[in-house]
Amino acid sequence: MKKFLISILAFFIVLVGVGFALISIDWNRLNKEHYYVQITERPAIDEFIDAKGAVYENFSYTLPAYDEEDNMQLLDFSAHKELRANAYLMLYVKDSDVVTSYDEVQLDDMPANVKKHFEQ
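So the mapping is simple: our numbering equals the position in the sequence shown, first residue as 1, plus 1.
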């Protein structure tokens, strides 16, 4: 009986651990291509009003982005706030053109063949 209870307890501990891992993984960043972009233009601003009358703004960008193999592509992405002018971003891209997430990076963190497009 004691072994059975220990087995059940161990099973639930593993189950909780797996559940926590699945919840904490950012699926929008997993196994995506990385493209790099610099915020050089002001965004297009779209306003949305929800059912309660609250106004939300969405900031949309279309900018040239470069991957680690030096391929350029115009990518559309959006943010819930206006991004800092001249900031460098690493975009997480799936299916070649769908931006799922982004992180701000420093110029020194970019691959050398990508960095040359942004150095002045």
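Virtual Cβ for every residue (Gly too), placed ideally from N, Cα, C.
All figures in this text were calculated on a predicted structure; none of them were measured in a lab.
DSSP, read as helix, strand or coil, puts Ser-8 in helix. Annotated as distal: Leu-84 and Ala-66, with beta-carbon spacing of 7 Å or more. In summary, Tyr-36 is buried, with 16 or more beta-carbon neighbours lying within 10 Å of its beta-carbon over all protein chains present.
Rounded to whole angstroms, the separation of the alpha carbons of Asp-110 and Glu-34 is 16 Å. Counting only the Cα atoms, Phe-21 lies some 36 Å from Pro-44.
Counting C-beta atoms within 10 angstroms of its own C-beta, Val-19 has fewer than 16 neighbours from the protein chains shown and is therefore classed as exposed. In the DSSP annotation of this structure, Lys-117 is not part of any alpha helix (DSSP H), being labelled neither H nor E. Excluding sequence positions up to five before and after Phe-49, its CB lies within less than 6 Å of the CB of Tyr-57, all in the same chain and listed in chain order. The beta carbon of Asp-51 lies closer than 8 Å to those of Tyr-57 in the same chain, with the five residues before and after it left out.
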